[in-house]
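Per the working numbering, the very first residue in the sequence shown carries number 454; after that it's consecutive.
Quick notes on the structure that follows.
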Amino acid sequence: PGGLGRVLAVRRAGAGPVDGVWPSDHAAVVADLAADGTVPAPASGPGRPGW
454 PGGLGRVLAV RRAGAGPVDG VWPSDHAAVV ADLAADGTVP APASGPGRPG W
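What follows is the structure, given as structure tokens:
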């Protein structure tokens with residue numbers, strides 16, 4: 454309430470190996486955000502259809 458936008462999705466990134474290799478010794482949080490009044494595009498990326 455009263456924010457500037459909205460959170461559409463949140464996921465972890467870099468939290469596991471890819472093809473047996475860890476991308477980093479750090480993990481990340483990825484957030485898909487939308488401004489109020491906008492129509493967001495479908496999300497894509499690891500774990501999403503079409504990636």
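A virtual CB, placed ideally from N, CA and C, is assigned to each residue, including glycine.
- Ala-462 carries a strand assignment under DSSP once its states are collapsed to helix, strand and coil.
- In the three-state reduction of the DSSP assignment, Asp-472 falls in the coil class.
- Per DSSP, the unbroken beta strand (DSSP E) holding Leu-486 starts and ends at 481-488.
- The shortest CA-to-CA distance from Ala-462 to any of Asp-485, Asp-489 and Gly-490 is the one to Asp-485.
- Distance from the Cα of Val-482 is smallest, within the candidate group Gly-469, Leu-457 and Gly-456, for Gly-469.
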